[in-house]
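Per the working numbering, the sequence shown starts with residue 19, numbered consecutively.
Where is the CB? At the ideal position from N, CA and C, for every residue including glycine.
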Amino acid sequence: MWNLEIPDHEVELQAIHAQGSGGQHVNKVATAIHLRFDIAASSLPEKIKERLLVLSDQRINKDGIIIIKAQRFRSQEMNREDALQRLGEMIQAVTKTPKKRRKTKPGRSSQKKRLDKKTQHGQKKRLRKRVEE
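1. Contact defined as beta carbons within less than 8 Å: I believe Ala50 pairs with Ala88. What is the distance between those atoms, to the nearest angstrom?
2. Within 8 Å (strictly less), CB to CB, does Glu95 reach chain B?
3. Taking only the alpha-carbon atoms, compute the straight-line gap between Lys52 and Lys118 and give it to the nearest angstrom.
4. If you check the beta carbons only, do Ile84 and Arg77 fall under 8 Å apart?
5. Touch check for the stretch 93-101 and the stretch 28-48: three-plus C-beta pairs under 8 Å?
6. Let me know the beta strand (DSSP E) ranges lying completely inside the stretch 38-84, each 3 residues or longer, listed in chain order.
7. Val112: buried (16+ other C-beta within 10 angstroms of its C-beta) or exposed?
8. Assign Lys87 to one of three DSSP states: helix, strand, or coil.
9. Quick check on Leu31: does DSSP put it in helix, strand or coil?
10. Would Lys67 and Ser74 qualify as a contact pair, given that the criterion is a beta-carbon distance under 8 Å?
11. Go to Glu95, then tell me how far its alpha helix (DSSP H) extends in each direction, as first and last residue.
12. Considering only the alpha carbon of each residue, which of Leu70, Ala101, Glu151 and Ala58 lies closest to Leu31?
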């Protein structure tokens with residue numbers, strides 16, 4: 019498990035107007051947060067950078083910049099925390115190495131069951147045929 023810390027100067031946070039309904043308050047106050055994080059210019063280890071760039075996530079644009087828009091809460095501070103937490107979760111998800119898959123073969127009894135079921139199904143079909151005298 020990696021113990022990663024992202025310096026503040028690598029994350030660009032910008033307050034913007036939130037979308038949607040909210041009455042008069044929403045037009046006056048910029049409560050939503052627009053987070054931008056450049057993967058290539060970051061101080062993350064190369065392995066993690068590669069995994070992030072390979073991710074097929076719509077929040078990562080073709081230039082390798084993670085863009086997260088947080089507008090879940092009504093306060094700017096809570097949206098800032100939410101955006102940073104979502105960035106952390108995204109990076110944390112790629113730090114875990116995927117479990118290697120081991121090939122397995124079906125057991126002898128399961129093979130026998132499959133073949134028995136196949137013969138039963140064939141017999142059922144044969145019994146449905148027209149009887150010839």
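Working from what's here:
1. 7 Å
2. Among the chains of the structure shown, chain B does not appear; only one protein chain is present.
3. Residue 52 is actually His in this sequence, not Lys. Going from the Cα of His52 to the Cα of Lys118 covers about 37 Å.
4. yes
5. yes
6. 50-56
7. buried
8. strand
9. strand
10. no
11. Gln94 to Thr113
12. Ala101
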